[in-house]
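Residue numbers (the working numbering): 11 to 154.
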């Protein structure tokens, strides 16, 4: 009877040892796909926003748009990376990816898992149009 119990415990441990890494890999790949899809959609939104609006000089109110970005759990997103801040990068564990934009961003921003409301503003920096991305908060004094 004890031998059966020991064999059952060993068999269960072996099956879990094989199954858990596969489940974790599938979860990581799913999060990576979601992150890539969200950032591709953000890139398209940024392109439309820039195409349909004109950038203003610093100090003047410019075109503004609110955007909701959903970052999967366990994923970190960095907006405005690269030599000209032209990329959006995501990472989850060992998985990493990058989405290029047509327009450099005016700043960098790091976001972790969750839903984030962002304020996009088209501005001119050194005479070139750029999009400034900030976290949106309902209090106007804190939106920057």
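The beta carbon of each residue, even a glycine, is placed where N, CA and C say it ideally should be.
Inter-stretch contact at 8 Å, needing at least 3 Cβ pairs: the segment 115-130 / the segment 63-83
These segments touch.
I need the boundaries of the beta strand (DSSP E) containing residue 80, first residue and last residue.
In the DSSP assignment, residue 80 falls within the beta strand (DSSP E) that extends over 74-81.
Taking only the alpha-carbon atoms, compute the straight-line gap between residue 123 and residue 89 and give it to the nearest angstrom.
As the crow flies, the alpha-carbon of residue 123 is around 14 Å from that of residue 89.
Could you give the residue range of the beta strand (DSSP E) that holds residue 113?
No beta strand (DSSP E) holds residue 113; DSSP gives it neither H nor E.
Which residues bound the beta strand (DSSP E) around residue 139?
Looking at the DSSP string, the run of the beta strand (DSSP E) that includes residue 139 is 138-145.
Take residue 51 as the anchor and find which of 67, 111, 106 and 95 has the nearest alpha-carbon.
Measuring from the Cα of residue 51, the nearest candidate turns out to be 111.
N-terminal and C-terminal residue of the beta strand (DSSP E) that residue 90 is part of
Its beta strand (DSSP E) spans residues 86-91.
Cβ pair residue 109, residue 53 closer than 8 Å
A contact, by the Cβ cut-off of 8 Å.
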